[in-house]
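Asks: Here it is, the structure, as structure tokens.
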Amino acid sequence: MTRGLEMINFEQIRIWKYSLGIGVKDDEAACRDRLRVAFLTFRERAAHLAGEISRDLPEMTTHDLSHLDALWEMADAICGEANNLNPCEVFVLGGAFLLHDLGMSLAAYHKGLETLSKHPLYRDALVAQLEEALGKPPSESEIQSPPEPIRKHAIGQVLRSLHAELAETLLSLSWKDPRDGSEMYLLDDSE
136 MTRGLEMINF EQIRIWKYSL GIGVKDDEAA CRDRLRVAFL TFRERAAHLA
186 GEISRDLPEM TTHDLSHLDA LWEMADAICG EANNLNPCEV FVLGGAFLLH
236 DLGMSLAAYH KGLETLSKHP LYRDALVAQL EEALGKPPSE SEIQSPPEPI
286 RKHAIGQVLR SLHAELAETL LSLSWKDPRD GSEMYLLDDS E
């Protein structure tokens, strides 16, 4: 398992600096500032969910903020010197970086395991794991009370299988703000 990616200062990456960076002055500066502030808030909120991935999938490589920020370097390398992305395109690209793996945590689901366990894939994964371990089809009571390692493995399988599907809807879901319990979204500025 890989841990501790070097933290990248994505705000120093060319693709960011010349599109949403501080100090870019032109007729669109106010719009650019609004996009930058919205993205930074989005990133801060996504960091919480990304930080939970290692709890639910400890065998996976690092998927925290350092992983998300490292994607800026990859985009910059692909775009090269001839970067012609506008601020809106860079905002969307950065949003895709933030969202792409966030569904690999129970924290991304409204009621965590309660929600995930209602998905048909969860029961299928659990039954398959139990059948392999027991050497026979499991009884309903075995399915309802699986051993912890089997339950965790099934959860991990389903999280990995569904994370891209969940990424499509994460912007419309809300969570409780841990500071005050208020409703919050990954991206508050709906415009």
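In this text, residue positions in the sequence shown follow my numbering: the first is 136, and each later residue adds one.
Glycine included, every Cβ here is placed at the ideal spot set by N, Cα and C.
1. Per DSSP, what kind of secondary structure is residue 271 in: helix, strand or coil?
2. Distance, Cα to Cα, residue 246 vs residue 252?
3. Residue 195 by DSSP, collapsed to three states: which one?
4. Since residue 363 and residue 182 should fall inside the 8 Å C-beta cutoff, what is the C-beta to C-beta distance between them, to a whole number of angstroms?
5. With DSSP collapsed to three states, give me the class of residue 146.
6. Among 189, 155, 272, 255, which one has its Cα closest to the Cα of residue 168?
7. Excluding the 5 residues flanking residue 153 on each side, which residues of the same chain have their C-beta closer than 6 Å to its C-beta?
8. For residue 311, which residues from the same chain have a beta carbon less than 8 Å from its beta carbon, with the 5 sequence-adjacent residues on both sides left out?
9. Could you tell me which of 208, 218, 240, 221 sits nearest to residue 293, measuring between CA atoms?
10. So residue 209 is in the beta strand (DSSP E); what residue range does that whole segment cover?
11. Going by CA-CA distance only, name the one from 144, 290, 171 that's closest to residue 221.
12. Got a sec? Which residues, its chain only, sit under 7 Å from residue 321 by beta carbon, not counting five neighbours each side?
13. For residue 238, count neighbouring Cβ atoms within 10 angstroms of its own Cβ and tell me buried if that reaches 16, exposed if not.
14. How many whole angstroms separate the CB atoms of residue 150 and residue 214, which I take to be in contact at a CB cut-off of 8 Å?
Replies: According to the data block:
1. Correct three-state label for residue 271: coil.
2. Approximately 10 Å, taken between the alpha carbons.
3. When DSSP states are grouped into helix, strand and coil, residue 195 belongs to the coil group.
4. Outside the modelled stretch of the chain, which goes from 136 to 326, sits residue 363, for which no answer is possible.
5. Looking at residue 146 - three-state DSSP - the assignment turns out to be helix.
6. Per the Cα distances, 155.
7. For residue 153, there are no CB contacts under 6 Å within the same chain when 5 residues up- and downstream are skipped.
8. Closer than 8 Å at the Cβ level, and outside the excluded window around residue 311, lie 317, 318, 319.
9. Residue 240 is the option with its Cα nearest to residue 293.
10. That residue, residue 209, is in no beta strand (DSSP E); its alpha helix (DSSP H) goes 200–214.
11. 171 is the residue among 144, 290, 171 whose C-alpha sits nearest the C-alpha of residue 221.
12. Counting only Cβ-Cβ distances below 7 Å, and skipping sequence neighbours, we find 177, 180, 181, 305, 306.
13. So residue 238 ends up on the buried side.
14. At roughly 6 Å, the Cβ-Cβ gap stays under 8 Å, so residue 150 and residue 214 are in contact.
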